[in-house]
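In mature numbering (1 follows the signal peptide of the UniProt record, and there is no 0), the protein residues as written are -34 to -1, 1 to 327.
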């Protein structure tokens, strides 16, 4: 069983520190919240121009999103030129009875609580995040960080693997990543990458304490991005949740087509597993707003992360349309470059890991 903390870092201590951080940023109780990424206030530089074919896809995505704040946030996040503003780190919160959001603000991890330990999805940016966000965050919700058995890294960027080795060294957790992204780190980040441990096969099932998480390859953001399907519990009912492993689109037509194929394959997985819950490791889906809504609302109110099957499928349809727009833009840019004799090419996203701190053209 997940054991309540016996350490000195109590829930009250953790909350006081978080409130102090929020107060510095003008976000303490009663202050107007800053604009979060994925909202209409996200800046889109006027220098970024979409092709006419791209605009047709973006317009379709906006029609699909309609007035749904989650889907509208996704449109904004994938609009060329948009970027995530700096965000304060929210206090940890249980999104479901067995799922905890542990956030550094602009990037988040999810802790899946089981009867035999914890599976951590992503490990934030650094050893400092592991020690200053993950560990006290778990204690704050009554879970023991020593129960972390597995760390699943969704992709090989430092803001997702940064704390993994610290947790492996301290608690003996096993670190999982796709073979393609282990290879990516061996080429590009040998100094700060975690020690290569376990490979994630496409469609692998990770079972701990009677909870089975499916792990699916969804390349595009990186060569080996992984998107989990997680059983989450609310009261006595279980629901199937998805977490898209990496949203920031690559630049080249070939890589964008790979991303589009991943959208299609994972959407089929979502139908098969009856996904009703949408999650993200970045605040590009109205997720932090929903977490605060959940924190404040009375017991028994509808969980804002429980979208239902049709709405989660529409989420993927919006992503499909936005990626098609990106492909149309990239094709137009390559054609224009060829006509100008430059042979213009987009930079390869998989060439070097970067922090996923913005969604940019």
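Each residue gets a CB set at the ideal place from its N, CA and C atoms; glycine is no exception.
In this structure, the CA atom of residue 215 is about 19 Å from the CA atom of residue 194. Beta bridge pairing from DSSP links residue 293 with no other residue. With respect to residue 36, residue 244 sits close: the two C-beta atoms are nearer than 8 Å. The residue from 203, 116 and 134 with its alpha-carbon nearest to that of residue 166 is 116.
If you draw a 10 Å sphere on the C-beta of residue 32, you find fewer than 16 other C-beta atoms in it, and that means exposed.
Within the model, the alpha-carbon separation for residue 93 versus residue 73 is close to 15 Å. A Cβ-Cβ distance of about 5 Å is found for the pair residue 293 and residue 222, placing them in contact under the 8 Å criterion.
Counting along the chain, no alpha helix (DSSP H) covers residue 48, and no H or E run does either.
Cβ atoms of residue 208 and residue 120 stay farther apart than 8 Å, at about 12 Å. The Cβ atoms of residue 67 and residue 58 lie closer than 8 Å to each other. Residue 18 sits exposed, since fewer than 16 C-beta atoms from the chains shown fall within 10 Å of its C-beta. For secondary structure counted as the alpha helix (DSSP H) over 4 or more consecutive residues, the region 223 to 307 holds these complete runs in sequence order: 253 to 262 and 275 to 305. Annotation: the continuous alpha helix (DSSP H) that includes residue 26 extends over 18 to 31. With respect to the 8 Å criterion, residue 23 and residue 236 are not classified as neighbours on the basis of their beta carbons. The Cβ atoms of residue 87 and residue 118 sit closer than 8 Å to each other. Secondary structure note for residue 175: it is in no beta strand (DSSP E), with a DSSP letter that is neither H nor E.
Fewer than three pairs of CB atoms, one per stretch, sit closer than 8 Å, so the region 146 to 161 makes no contact with the region 196 to 211.
In the displayed model, residue 43 falls within a helix according to three-state DSSP. Beta-carbon to beta-carbon, residue 178 and residue 124 are separated by about 29 Å, too far to satisfy the 8 Å threshold. Distances from the CA of residue 151 to each of 170, 172, 132 and 191 were compared; the closest alpha carbon is that of 191. DSSP places residue 53 outside both helix and strand once states are collapsed to three, so it counts as coil.
The three-state reading of DSSP puts residue 85 in strand, counting E and B together. Taking a 10 Å sphere around the C-beta of residue 242, we find 16 or more other C-beta atoms and assign the residue as buried. Residue 205 counts as buried, since no fewer than 16 other beta carbons sit within 10 angstroms of its beta carbon.
Taking the C-beta atoms as reference points, residue 291 is found no nearer than 8 Å to residue 47. The beta carbons of residue 147 and residue 122 sit closer together than 8 Å. Among the bridge pairs identified by DSSP, residue 80 is matched with 83. Of the residues assessed, residue 233 falls on the buried side of the cut-off, its CB having 16 or more other CB atoms within 10 angstroms. Here residue 256 has 36, 270 and 271 as same chain residues with Cβ atoms under 8 Å from its own Cβ, once five neighbours each way along the sequence are excluded. Inclusion of residue 168 and residue 183 in the CB contact set at 8 Å is warranted, their separation being smaller than that value. Residue range 140 to 143 is occupied by the beta strand (DSSP E) that includes residue 140.
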